[in-house]
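Read through the structure below, which is laid out as structure tokens, and then see the notes.
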Amino acid sequence: MARIALIGASGQVGSRILKELSDRGHTVTAIARHPEKIAALPHVTAKAGDVTDKAALAALLAGHDVVVSAVRFGDSDPHVLIEAVRQAGVKRYLVVGGAASLDVAPGQRLLDQPDFPEAYRPEATKGAEFLEVLKQEKDLDWTFLSPSAEFVPGERTGKFRLGKDNLLSSEQGSRISFEDYAVALVDEIEKPAHSRQRFTVGY
């Protein structure tokens, strides 16, 4: 079992990832601004952490095998997070990504479509920028997992498809539950298949 630091462990996605990690027996340091909001689960230690404090964050991350970042892009700086992971000496870094940077046609991102919702544009743009920063990273073994367009609470079915840079969709549209997204991310931790790559998950 791996020692994993999960940043943003109390959020919508982070809490599902935390449960999946705990259920599979991993040892998790669950980090959030308000640790009292982190679910009490087996193998989990809750810690207070600030994503803008690089030195303090690096100290929290030290000694882990993997760091997972599940924080809003608008509330964080990719350079601070990446440098904190590097200073902590952790080699593996997984990021909960966004769907907007996925292609809907060759060379055409979802973010660039005329009907992309304006309310989501600031966060989506920051997510796309985070991915570009990771692509320039020379040292870390990073992975950026993009969900489908509709990313919502739901069931853990364990049945989904994986893709690379293209938005996945079906007759039901482009969607994935937080719970199944967590399965795909923890699968990637346990059996790495997308080193220094972005991939995506959907139904």
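In the working numbering, each residue's number is its place in the sequence shown (first place is 1) plus 149. No residue lacks a Cβ here, since even glycine has one placed at the ideal position from N, Cα and C. Since we're looking at a predicted model, the values are computed, not measured.
Simplified DSSP assignment, three categories, for residue i
i: Glu-299; result: strand
i: Lys-196; result: strand
i: Phe-309; result: coil
i: Phe-327; result: helix
i: Tyr-269; result: helix
i: Asp-314; result: coil
i: Leu-294; result: strand
i: Glu-155; result: Here residue 155 turns out to be Leu, not Glu, going by the sequence shown. It is a strand residue.
Beta-carbon spacing of residue i, residue j below 8 Å
i: Leu-155; j: Ala-189; result: no
i: Arg-152; j: Gly-246; result: no
i: Lys-186; j: Ser-159; result: yes
i: Gly-351; j: Glu-328; result: no
i: Ala-249; j: Arg-258; result: yes
i: Leu-209; j: Val-234; result: no
i: Leu-230; j: Glu-337; result: no
i: Val-193; j: Val-216; result: no
i: Glu-232; j: Lys-203; result: yes
i: Ala-254; j: Gly-163; result: no
i: Ser-344; j: Thr-292; result: yes
i: Met-150; j: His-175; result: yes
Beta-carbon separation (whole angstroms), residue i vs residue j, contact threshold 8 Å
i: Asp-290; j: Lys-240; result: 5 Å
i: Ala-277; j: Leu-294; result: Rounded, the Cβ-Cβ distance is 14 Å, inconsistent with contact.
i: Asp-252; j: Leu-334; result: The pair is not a contact, with the Cβ atoms about 21 Å apart (cut-off 8 Å).
i: Arg-347; j: Glu-272; result: Not quite, the Cβ-Cβ distance comes to about 17 Å (not below 8 Å), so this is no contact.
i: Pro-341; j: Phe-279; result: The Cβ separation is near 20 Å, so there is no contact.
i: Thr-349; j: Gly-322; result: That pair is no contact at about 14 Å.
i: Ala-331; j: Arg-165; result: 4 Å
i: Ala-383; j: Ala-205; result: Outside the displayed range of the chain (150 to 352) lies residue 383, so it cannot be described from this structure.
Environment of residue i [buried if 16+ CB atoms lie within 10 Å]
i: Arg-324; result: buried
i: Gly-223; result: exposed
i: Ser-297; result: buried
i: Ser-319; result: exposed
i: Gly-256; result: exposed
i: Lys-308; result: exposed
i: Glu-281; result: exposed
i: Lys-168; result: buried
Closer than 7 Å: residue i CB and nearest the ligand GTP heavy atom
i: His-228; result: The ligand GTP is absent from the structure shown, which contains no ligand whatsoever.
Please give me, in chain order, every unbroken run of the alpha helix (DSSP H) with length at least 4 that falls completely inside the stretch 157–188. 161–172
Taking only runs of the beta strand (DSSP E) that begin and end inside the stretch 191–268, which ones reach a length of at least 3 residues, in chain order? 193–197, 215–218, 241–245, 252–254
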